[in-house]
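Residue numbers (UniProt numbering): 1 to 427.
For each residue, glycine too, the CB sits at the ideal point set by N, CA and C.
Input: a single structure, listed below in structure tokens.
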């Protein structure tokens with residue numbers, strides 16, 4: 001968990017706490033606005049051959065070339081073709097953007113110097129030799145225990161940490177998050193291609209990732225004691241090697257006083273990352289307020305929640321979303337707008353509403369990462385264009401847009417037909 005250090009302990013972060021927290025970006029917390037939450041982000045990237053897009057086991061070469069001042073926030077990941085960055089916790093989105101921007105740019109330069117490209121993509125786009133697992137005893141145990149599940153060029157996600165006052169509150173927050181995580185899942189979709197083909201899914205990473213036995217929506221939890229008991233039981237069965245393998249879509253961090261939301265593909269651009277971080281922080285803050293005011297979370301049927309996540313991975317924002325509270329479907333953008341309305345007071349509290357509004361407008365115009373990959377591919381039918389565009393966005397540049405460059409949803413999504421069907425059902 002590179003760089004996520006010293007998350008603030010309380011529900012509110014005072015100016016004194018912010019000032020003395022190691023490596024934390026400078027932030028002033030107005031006295032009349034208590035209850036601000038720290039936020040930090042981890043992002044996983046793929047190292048690929050610049051010409052073929054095949055995953056390259058180059059993490060050691062890249063790490064050697066990372067600037068000294070950034071090395072404390074960069075580390076290896078599970079496979080030697082992956083690398084991870086982590087921001088310090090902070091209170092302001094501007095500080096988060098600055099930190100992640102430096103890390104992305106520095107890592108992109110180091111990758112180029114090592115003869116590879118750094119791309120923010122949920123899963124590898126093309127087939128190639130399976131990169132070796134990084135030489136780590138725990139990783140070797142995972143290979144022994146889970147065998148072929150580790151095959152493939154790596155799954156790259158984004159994890160958002162938000163400060164919480166205590167674990168008991170954190171567990172109740174997890175219950176409140178459950179209905180809203182599927183639409184955040186849709187926002188982050190960024191892996192439509194696999195083995196050189198369009199899968200018809202917006203996030204093929206989600207399909208690959210769910211092969212692991214502990215990847216699932218967070219279960220309903222009665223208390224922190226229940227959380228601990230359940231984790232201990234899963235470890236005792238051998239399904240988990242340790243608490244670090246709790247791969248629920250949201251969990252309590254094992255190392256920091258945070259809730260960690262880990263549903264998404266890594267986002268291609270920094271703008272996408274900042275949008276998701278802001279929405280997650282505001283959602284956690286809203287949940288903490290609900291807990292403090294005694295409002296109970298809605299219990300969602302596990303199968304309906306699973307269906308909502310499947311729909312998100314399949315359609316992204318171009319199709320339908322499952323309403324996990326009432327059942328049935330609605331346009332994904334309609335559910336996203338409901339989420340923004342739900343968390344608007346927290347967005348206002350943190351001063352994040354203008355940024356979120358601007359990024360949602362951009363998302364409507366340009367589409368998700370999956371949409372942008374398909375648009376890049378549609379120009380010439382070449383995955384090399386997709387890889388180049390991903391590398392450009394990862395580095396900090398805009399997507400290489402052309403006039404009218406918004407790809408239609410993949411036919412497998414049947415999004416337009418689904419919208420028509422839904423409209424007919426409502427008549």
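Item checked: N-terminal and C-terminal residue of the beta strand (DSSP E) that residue 258 is part of -> Boundaries of the beta strand (DSSP E) around residue 258: 258–265.
Notebook entry, point to check: Ends of the alpha helix (DSSP H) at residue 85?
Noted result: In the DSSP assignment, residue 85 falls outside any alpha helix (DSSP H) and lies within the beta strand (DSSP E) extending over 82–86.
Notebook entry, point to check: Whose CA, out of 374, 246, 381 and 111, lies closest to the CA of residue 190?
Noted result: Nearest C-alpha to residue 190 among 374, 246, 381 and 111: 374.
Check: Going by C-alpha distance, which of 124, 247 and 133 is nearest residue 147?
Finding: For residue 147, the nearest C-alpha among the options comes from 133.
Margin query: For residue 250, report the span of its beta strand (DSSP E) as first-last.
Written below: Residue range 250–252 is occupied by the beta strand (DSSP E) that includes residue 250.
Note to self: Check for me: the beta strand (DSSP E) holding residue 331 runs from which residue to which?
What the structure shows: Residues 329–331.
Check: Under 7 Å, do residue 59 and residue 38 count as touching if we go by C-beta distance?
Finding: Cβ distance not < 7 Å, so residue 59 and residue 38 don't count as in contact.
Notebook entry, point to check: Starting from residue 75 and walking both ways along the beta strand (DSSP E), at which residues does that stretch end?
Noted result: Note, residue 75: beta strand (DSSP E), 74–76.
Margin query: Tell me which residue opens and which closes the beta strand (DSSP E) that residue 117 is part of.
Written below: From DSSP, the beta strand (DSSP E) with residue 117 extends over 117–119.
Item checked: Proximal residues to residue 33 (C-beta, below 8 Å), its chain only, five neighbours per side dropped -> Reliability of the predicted coordinates at residue 33 is poor, the pLDDT of 44 falling under 50, and no value is obtained from them.
Notebook entry, point to check: With distances taken from CA atoms, which of 107, 332, 118 and 339 is nearest residue 368?
Noted result: Checking every option, the nearest Cα to that of residue 368 belongs to 332.
Next item on the list: Answer with buried or exposed for residue 197, where buried requires no fewer than 16 other C-beta atoms within 10 angstroms of its C-beta.
Entry: Burial call: exposed.
Notebook entry, point to check: Measuring CA to CA, which of 183, 114, 72 and 57 is closest to residue 65?
Noted result: The residue with the shortest Cα to Cα distance from residue 65 is 114.
Notebook entry, point to check: residue 193 bridges to which residues according to DSSP?
Noted result: DSSP output for residue 193 lists 198 as bridge partner(s).
Next item on the list: Can you say whether residue 129 is buried or exposed, counting buried as having 16 or more other CB atoms within 10 angstroms of its CB?
Entry: Classification for residue 129: exposed.
Check: At which residues does the alpha helix (DSSP H) containing residue 45 begin and terminate?
Finding: Unbroken run through residue 45 is the beta strand (DSSP E), 39–48; no alpha helix (DSSP H).
Check: How close, in whole Å, do the beta carbons of residue 217 and residue 309 come, if the pair is a contact with beta carbons under 8 Å?
Finding: Going by Cβ atoms, the distance from residue 217 to residue 309 rounds to 6 Å, so yes, they are a contact pair.
Next item on the list: Name the residue from 208, 67, 246 and 283 whose alpha carbon lies nearest to the alpha carbon of residue 106.
Entry: Residue 67 is the option with its Cα nearest to residue 106.
Next item on the list: Quick one: measure Cβ to Cβ for residue 261 and residue 298, integer angstroms, because I've assumed they're closer than 8 Å.
Entry: At roughly 18 Å, the Cβ-Cβ gap does not stay under 8 Å, so residue 261 and residue 298 are not in contact.
Checklist line | Three-state class that DSSP yields for residue 24 in the structure shown | finding: Only weak support exists for where residue 24 lies, its pLDDT of 35 falling under 50; the value from the coordinates is given anyway. If DSSP states are grouped into helix, strand and coil, residue 24 belongs with coil.
Item checked: alpha helix (DSSP H) runs contained entirely in the segment 212–252, provided each spans 4 or more residues -> Taken in chain order, the unbroken stretches of alpha helix (DSSP H) that lie wholly in the segment 212–252 and span 4 residues or more are 224–237.
Margin query: Taking the alpha helix (DSSP H) that residue 101 belongs to, which residues open and close that run?
Written below: 93–113 is the extent of the alpha helix (DSSP H) around residue 101.
Margin query: Using a Cβ distance threshold of 8 Å, determine whether the segment 335–355 contacts the segment 285–299, with at least three qualifying pairs required.
Written below: Touching, yes, given that three or more Cβ pairs across the two stretches are closer than 8 Å.
Check: For residue 123 versus residue 205, is the C-beta spacing smaller than 7 Å?
Finding: The criterion of a C-beta distance shorter than 7 Å is satisfied by residue 123 and residue 205.
Item checked: Three or more C-beta pairs below 8 Å linking the segment 79–98 and the segment 230–244 -> The segment 79–98 is not in contact with the segment 230–244.
Notebook entry, point to check: Which runs of the beta strand (DSSP E), 3 residues or longer, sit entirely within the segment 340–392?
Noted result: DSSP runs (the beta strand (DSSP E)) wholly in the segment 340–392: none.
Checklist line | For residue 321, the first and last residue of its enclosing alpha helix (DSSP H) | finding: Counting along the chain, no alpha helix (DSSP H) covers residue 321; the unbroken beta strand (DSSP E) around it starts and ends at 320–322.
Checklist line | Short Cβ contact (7 Å threshold) for residue 41 with residue 321 | finding: No; because the gap between Cβ atoms is not below 7 Å, this pair is not in contact.
Notebook entry, point to check: Where DSSP assigns a beta bridge to residue 203, which residues make up the other side?
Noted result: Answer by DSSP bridge pairing, in chain order: 191.
Checklist line | Backbone secondary structure at residue 287 - three-state DSSP | finding: Helix at residue 287.
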